[in-house]
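Position one of the sequence shown corresponds to residue 912 (our numbering), numbered consecutively onward. For each residue, glycine too, the CB sits at the ideal point set by N, CA and C. One structure below.
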Amino acid sequence: MGEGSRAPGRFGALSRRGIGVFTTVLVLSLALVLLMLSVRSEPESRPRAPSAEVVAALPFWNLGRGEETVLRHSEVFSEVSPWMYGLDPQGGVVSQIPRDRAANAESTMDRIRRTELRFTPTVANMTNGKWSYDSVAPILHDPRRMKEHVREIVNLVLANDYAGVDIDYEELRAGDRAAFSEFVRRLADALHAHDRTLSVALFAKASEQGYDQRNAAQDYSAVGRAADQVRLMGYDRHWSTSPPGPVAPVGWIREVLDYARATIPAEKIVLGVPLYGYNWSEGRGKPVTWSEATRVAEKHDARVRFDESSRTPWFRYTDAEGQRHEVWFENAASSLAKFRAAERAGIGGVYLWMYGAADPETWGGLRRTFPAAGGSGNGDD
């Protein structure tokens, strides 16, 4: 066939306008294919709250060191909760801070509040330095006293312009379950009327009855409906009078989170992560910080091991009096395991029980796990 009679090529019969339309369609199609391929190539994302909460829980005896940590790593945190209020024997809200430390504590809290982090102090049923059932039980079972107690807490929040309050009422009994839930509901309603928030600390448990009547007294579902934030105390699986062992084994943490997610909205759950351990000797453990534990290990030339099952460091040594000790504590690696468990569970975030000096590498792991709560930061120190 001669050149003049050759059949038109694929584009030969199209007008310039047709060529332009076809080219546009082709480009868009290729772009769509590339987009789909890029999405498929990304790792599957884990379920996660849209904005993670990272709370610094500061006991009153650690306000000074806690302030230093919060100010140095303020981009990591979203909220600060000083553990600073208790109850008097009649159930009135009082400061837990000793009088000789009050002025310094006030200055410390003023500096923390200038960071513009949410400030939600904790009210605990501590009376004269000890957990007190008698100071809170009459409040729960007397409607008039409950109403007065709710009003007192709300007035405290408003008078100090707190963002909200955290309630940590422990040592309750199974028979207090309904009354405690009602108290939480009333307090939440009263705070919400003033656009303030309520968080409630609950014992970690893997079933509704939990491990004892203190656990049974806390109704996860009822508290989860009323409170804005439910703080699970993910620590003291081994405690001062138990046999030695990890304070917060990661397997137990996963069980606790699985149960909590079945009963509480995931975005309200905030996991408590301990920054302490225990040094056991003669049947009793004394709390230790990371810095204390590492110093003791170095002093006694003890080999620090890492228990892979619980993801916890530990060691043994014999002191100068011949007493044998076993120490389980927390470091950056053990804390990171719990941060990751919280992230993978898709819960609202974590709070750190900042008992004392923590492993300085902890903050880098926290920042990498929950970047939504912090920022690029100042490194991992």
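Practice task
Go through its chain and collect everything with a Cβ distance to V965's Cβ below 8 Å, but skip five positions before and after it.
Solution key: V987, F988, S989, E990, G1260, V1261, Y1262, L1263, L1277, F1281, A1284, G1285
Exercise for the section: Could you tell me if S1132 is buried or exposed, where buried requires 16 or more neighbouring beta carbons within 10 angstroms of its beta carbon? Expected result: exposed
Practice task
Please state if the CB of R1142 and the CB of V1111 are separated by a distance shorter than 9 Å.
Solution key: yes
Practice task
Give the DSSP-derived three-state secondary structure of E964 in the structure shown.
Solution key: strand
Problem - contact_flag[the segment 1195-1209, the segment 1173-1180] where n(CB pairs < 8 Å) is 3 or more - result: Not touching, per the Cβ criterion.
Exercise for the section: May I ask you to report which of helix, strand or coil DSSP gives D1313? Expected result: Absent from the structure is residue 1313, since the part of the chain shown begins at 912 and ends at 1292.
Exercise for the section: Hey, could you find the ends of the beta strand (DSSP E) W972 is sitting in? Expected result: No beta strand (DSSP E) contains W972, which DSSP labels as neither H nor E.
Handout entry: C-beta atoms of P1160 and R1222 nearer than 9 Å
Key = Between P1160 and R1222, the C-beta spacing is below 9 Å.
Practice task
Using three-state DSSP, classify Q1140 as helix, strand or coil.
Solution key: The answer is strand: DSSP assigns Q1140 an E or B state.
Exercise for the section: Could you please give the first and the last residue of the uninterrupted beta strand (DSSP E) stretch that includes G1260? Expected result: 1260-1264
Exercise for the section: Let me know the secondary structure DSSP gives V1207 once reduced to three states. Expected result: helix
Handout entry: Exposed unless 16 or more other CB atoms sit within 10 angstroms - verdict on E1017
Key = exposed
Problem - Nearest candidate by alpha-carbon position, reference A1035, set E1081, A1074, A1048 - result: Comparing C-alpha distances from A1035 to each of E1081, A1074, A1048 shows the shortest one belongs to E1081.
Handout entry: Beta-ladder partner(s) of P993, from DSSP
Key = L969
Practice task
Look at the Cβ atom of D1045, then the Cβ atom of P1000, and state whether they are nearer than 9 Å.
Solution key: yes
Problem - S940 versus I1258: straight-line alpha-carbon distance, rounded - result: Its pLDDT being 49, under 50, S940 is placed unreliably by the model, and nothing is read from it.
Exercise for the section: Assign S1248 to one of two classes, buried (16 or more other C-beta atoms within 10 Å of its C-beta) or exposed (fewer than that). Expected result: For the sequence presented, residue 1248 should be read as Ala rather than Ser. That one is buried.
Practice task
Could you tell me if E1193 is buried or exposed, where buried requires 16 or more neighbouring beta carbons within 10 angstroms of its beta carbon?
Solution key: Counting of Cβ neighbours within 10 angstroms places E1193 among the exposed residues, the total staying below 16.
Handout entry: S1246 to A1104 span [Cα, whole Å]
Key = 37 Å
Exercise for the section: Whole angstroms is fine: what's the gap from E1119's alpha carbon to E1232's? Expected result: Cα atoms of E1119 and E1232: separation of roughly 45 Å, rounded to the nearest angstrom.
Problem - Three-state class that DSSP yields for E1178 in the structure shown - result: helix
Practice task
Could you tell me whether the Cβ atoms of V1238 and N1190 are closer together than 9 Å?
Solution key: Cβ atoms of V1238 and N1190: closer than 9 Å.
Handout entry: Beta-carbon proximity of V1065 to R1107, cut-off 9 Å
Key = Yes. Within cutoff.
Practice task
Please classify N1190: does DSSP put it in a helix, a strand, or coil?
Solution key: strand
Problem - Short CB-CB distance (under 9 Å) between L1143 and chain B - result: The structure shown contains no chain B, having only a single protein chain.
Exercise for the section: Entirely within the segment 1013-1058 and at least 4 residues each: give me those alpha helix (DSSP H) ranges in chain order. Expected result: 1013-1024, 1048-1052
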